[in-house]
Amino acid sequence: MSFKRIIIITSSLMLFGLISLALFSCASPLEYASEEMDMDYAEIAPEEAAEDYMAEESGLITAEPEAPDDSIRTTSNSDPSLRHVIRRGSIELTVSDTRDKLEEVQNIVREAEGLIANLYVYEIREGQYGARITVRVPNAKFDAVLKQLETLGKATNIQTELEDITMQYVDLESRLNNQKAQEERLTEILEMADTVEDVLEVEKELNRIRGEIEAMTARLNQLKDQVRFATINVSLQEETIPTDTVTTNPFHNLGPRISEAFIGSINFLLNVFSGLIIIFTALLPAFIVLLIIGVIIWVIVRRYIRKKGRPDEEQAEEQASLPHQNKES
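Mapping to this note's numbering: the sequence shown position 82 is 82, numbers consecutive.
Set out below in structure tokens:
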């Protein structure tokens with residue numbers, strides 16, 4: 001190898017090293033931040049992650065409570081009451097008077113420290129009403145409230161549902177805590193940023209993280225509310241003919257109902273008469289066209305019959321005149 005070739009190779013290696021050093025020194029501080037945060041999480045999380053993994057493998061999930069609320073963070077698969085569960089139920093009742101039973105439902109919910117989320121009263125037929133109510137009661141009082149509602153009438157359908165969201169709840173809470181930690185770290189990095197490009201890049205990432213935090217917080221609050229308050233859908237329907245007591249409901253507003261029926265029948269007849277007039281008016285042009293066509297056909301047929309009948313009449317007259325001529329001869 002010649003001396004000139006050695007100088008060229010050495011110069012190329014030195015130039016490549018300078019370019020690599022320049023690129024490395026111009027890297028964004030955000031990349032260093034993400035690497036540093038990963039290192040921080042790697043130092044903090046291994047023990048907790050290992051404990052969670054062992055807990056999941058053994059059927060247990062352990063966590064520390066954030067606040068003294070109804071959510072229990074220490075759960076066991078063998079005891080559903082200690083898990084994060086959403087309870088739902090529905091009951092259909094046949095009652096004697098919907099309006100009276102509706103007041104009793106409101107009293108039951110009020111005593112249970114619950115609330116009525118939705119109320120809809122409708123009329124099935126004249127004098128017969130029904131109602132649909134959606135109530136929210138504390139989870140611990142779900143069974144007691146359902147039993148009280150069952151005593152209001154004849155229960156035709158009762159359904160209960162339990163949804164276990166423990167894993168979803170814990171996972172969402174863990175991811176929310178991680179996002180909050182990342183938000184704090186990005187805030188510190190933003191204070192250390194020197195150039196405008198670095199500031200804009202850190203703020204962009206910070207806005208994204210805060211948006212995810214808001215969405216996760218809203219979802220977590222929704223899960224907490226669903227766990228804290230159970231939902232019961234109540235359907236009330238009056239009996240067509242009450243069988244438990246004698247009632248005067250069929251005579252309720254009898255006079256106005258008779259008046260409405262009489263006026264309704266008159267209006268029905270008027271509607272029928274007006275409908276016939278409209279139909280006749282709509283078909284009148286067609287009737288006129290058909291009448292003209294019928295007259296033309298009648299005239300043609302009549303003329304044809306007349307033309308065909310004349311030769312027959314002349315032949316009959318000739319035959320009638322023949323005997324008379326023979327007598328004269």
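C-beta: ideal position from N, C-alpha, C; glycine also.
It should be emphasised that the depicted structure is a prediction, and the values quoted were computed from it without experimental measurement.
Practice problem: Could you tell me the boundaries of the beta strand (DSSP E) in which Ala155 lies? | Solution: 154-164
Quiz prompt | Euclidean distance between Cα positions of Lys204 and Asn107 | solution = 53 Å
Quiz item: Exposed or buried, which one is Val105 when buried takes at least 16 other CB atoms within 10 Å?
Solution: buried
Practice problem: Specify, as a first and last residue, the run of the alpha helix (DSSP H) that Thr195 falls within. | Solution: From DSSP, Thr195 is part of no alpha helix (DSSP H); its letter is neither H nor E.
Quiz item: Is Glu47 helix, strand or coil by DSSP?
Solution: Note that Glu47 scores 39 on pLDDT, short of 50, meaning its location in the model is unreliable and no value can be drawn from it.
Self-check item: Element boundaries [alpha helix (DSSP H), containing Glu150]
Solution: 142-150
Practice problem: State the Cα-Cα distance for the pair Gln159 and His84, rounded to the nearest angstrom. | Solution: 20 Å
Quiz item: So who's on the other strand from Phe280, going by DSSP bridges?
Solution: Looking at the DSSP assignment, Phe280 forms no beta bridge with any residue, so it has no partner.
Quiz item: What span of residues does the alpha helix (DSSP H) with Asn233 cover, start to end?
Solution: Note, Asn233: premise wrong, no alpha helix (DSSP H); beta strand (DSSP E) at 229-238.
Quiz prompt | Sequence-distant residues of its chain with Cβ nearer than 6 Å to Asp97 (five each side left out) | solution = none
Exercise. Would you decide whether Lys101 is buried or exposed? Buried here means 16 or more other CB atoms lie within 10 Å of its CB.
Key: buried
Quiz item: So Glu161 packs on Arg88, CB below 8 Å; how close in whole Å?
Solution: 4 Å
Exercise. For the beta strand (DSSP E) holding Asn107, just list the boundary residues, first then last.
Key: No beta strand (DSSP E) holds Asn107; the alpha helix (DSSP H) holding it covers 98-111.
Practice problem: Indicate whether the contact test is met: 3 or more Cβ pairs, each with one atom in the region 168-182 and one in the region 211-220, closer than 8 Å. | Solution: yes
Quiz item: Are the Cβ atoms of Ala261 and Val137 separated by less than 8 Å?
Solution: no
Practice problem: May I ask which residues mark the beginning and end of the beta strand (DSSP E) holding Arg376? | Solution: Residue coverage of the chain in this structure runs from 1 to 329, which leaves residue 376 outside it and unanswerable.
Quiz item: Is Gly130 helix, strand or coil when you go by DSSP?
Solution: strand
Self-check item: N- and C-terminal bounds of the beta strand (DSSP E) containing Asn334
Solution: As shown, the chain starts at 1 and ends at 329. That puts residue 334 outside it, with no answer to give.
Quiz prompt | For Ile266: DSSP bridge partner residues | solution = Beta-bridge pairing links Ile266 to no other residue.
Quiz item: If Val374 sits next to Ile124, beta carbons under 8 Å apart, how far is it from one beta carbon to the other, in whole angstroms?
Solution: Here the chain comprises residues numbered 1 to 329, so residue 374 is not present and cannot be evaluated.
Self-check item: Assigned exposure category for Leu236 - 16 Cβ within 10 Å defines buried
Solution: buried
Quiz item: Within the chosen definition, does the region 205-213 reach the region 174-183 through at least 3 CB pairs nearer than 8 Å?
Solution: yes
Quiz item: In whole angstroms, what is the alpha-carbon distance linking Ala33 and Leu206?
Solution: The pLDDT assigned to Ala33 is 42, lower than 50, so where the model puts this residue is not dependable; a value taken from the coordinates is nonetheless given after this. The alpha-carbon atoms of Ala33 and Leu206 are separated by roughly 12 Å.
Exercise. Pull up the DSSP beta-bridge partners for Asn118, would you.
Key: Thr134
Quiz item: Would you say Ile232 and Val145 are within 8 Å of each other, going by their C-beta atoms?
Solution: yes
Practice problem: Leaving aside the five residues before and after Glu113 along the sequence, list all residues of the same chain whose C-beta is less than 7 Å from its C-beta, in chain order. | Solution: Pro138
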